[in-house]
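Residue numbering for the first sequence is 977 to 1237, as defined by my numbering.
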Amino acid sequence: MLTVATWNVNSLRVRQAHVVAWLQNHQPDLLALQEIKMTSEQFPADDFLELGYHAVVSGQKTYNGVAILSRIPPASPQCGIPDYSDPQQRVIAADYGPVTLLNLYVPNGSEVGSEKYLYKLDWFDRLHPYIRQLLKEKQHLVIVGDFNVAPADIDVHDPEEWAGKVLVSDAERAEFRKLIDHGLVDCYRMLDSNPGAYSWWDYRAAAFRRNRGLRIDHILADKALGQQLVACSIDTEPRTLERPSDHTPVVASFDIDIRQP
DNA sequence: ATGGTCGGGTTCCGA
977 MLTVATWNVN SLRVRQAHVV AWLQNHQPDL LALQEIKMTS EQFPADDFLE LGYHAVVSGQ
1037 KTYNGVAILS RIPPASPQCG IPDYSDPQQR VIAADYGPVT LLNLYVPNGS EVGSEKYLYK
1097 LDWFDRLHPY IRQLLKEKQH LVIVGDFNVA PADIDVHDPE EWAGKVLVSD AERAEFRKLI
1157 DHGLVDCYRM LDSNPGAYSW WDYRAAAFRR NRGLRIDHIL ADKALGQQLV ACSIDTEPRT
1217 LERPSDHTPV VASFDIDIRQ P
């Protein structure tokens, strides 16, 4: 069995105890982190090694930053999107046996039409060829992270209120659809077609208590691996803790042994 | 009711 998780921690410095407790409770094979908000040098690799987790890190001071924790050593780690020099550290990938994990922190986009929104759409343009390449070259591909896109109205607590806004706009949803159309499946939606399941809630206006959220954190798998999906869930428990991240973990389990090449 | 709350770093930006 392979268990893969993703969690935008919104500062690993603040959330490290939450992450450690969660690792101990759930023992995933792979945990992808986004918004660690620290440099690679500052990453507490030793603390995670003590728990039995290796790390690959693409860090940055203050903003962004991604990492992957793994129970087996990573191979061929790669930071960023090839041939796209971006000072914002949003992408890291590595191989774990037959599975390549690509960890994304997609730009937020700020507001539809803004400079940051155009950067987000351009960033997706740069991402697509990389994903096509990985699907061609790698045996299995899992793409996880904070996609900053709610793929459909079912992923939005109040679609009318959110209509046309950033995270749900047609252009962003078209980019998500394009990802799927490369030959991937949305693991959560494969197994649960019910509304009301979200991975992010605004800190403001008691959004979590009122379950006013969005499902913007995702686990995508190549179609063949998707056939081996046995479970996928959103763990809302860490969002109930003191000083929580505004995101909560998403977890998927596949019937595959990553120790076999 | 058109705000609100975080984190990081400074007197605001990004989410």
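Virtual Cβ for every residue (Gly too), placed ideally from N, Cα, C.
Shown here, Q1064 sits in coil according to DSSP, grouped into three states, outside any helix or strand.
Between F1230 and L1205, the CB-CB gap stays under 8 Å. H1116 has its alpha-carbon roughly 9 Å from the corresponding atom of L1110. Inter-residue distance for V980 and G1202 is about 13 Å (C-alpha atoms, whole angstroms).
The C-beta distance from F1019 to V1033 rounds to 5 Å, short enough to meet the 8 Å contact threshold. Under DSSP, V980 forms a beta bridge with L1006 and A1228. When the five nearest sequence neighbours on each side are left out, the beta carbons in the same chain lying within less than 7 Å of the beta carbon of K1154 are those of H1104, in order along the chain.
Within the same chain, and ignoring the five residues on either side of I1107 in sequence, the residues whose Cβ sits closer than 6 Å to its Cβ are H1158. Counting other Cβ atoms within 10 Å of its Cβ, G1035 reaches 16 or more and is therefore classed as buried. In the structure shown, the three-state DSSP call for G1202 is helix. For Y1081, the enclosing beta strand (DSSP E) starts and ends at V1075 to Y1081. Close CB contacts of I1210 within its chain, under the 6 Å cut and outside five residues either way in sequence, are with A1173, S1175 and V1226 (chain order). Around the beta-carbon of V1042, 16 or more other beta-carbon atoms lie within 10 Å, marking it buried. Of the residues N1079, N986, L1094 and L1143, the one whose Cα lies closest to the Cα of K1013 is N986.
Assigned with DSSP and collapsed to three states, P1053 falls in strand. If you look at H1104, you'll find it in the alpha helix (DSSP H) that goes E1091 to E1113.
Taken through DSSP and simplified to helix, strand or coil, V1142 comes out as coil. Judged by beta-carbon spacing, V1075 lies within the 8 Å limit of I1234, meaning their Cβ atoms are closer than that value. The Cβ atoms of V1142 and G1085 lie closer than 8 Å to each other.
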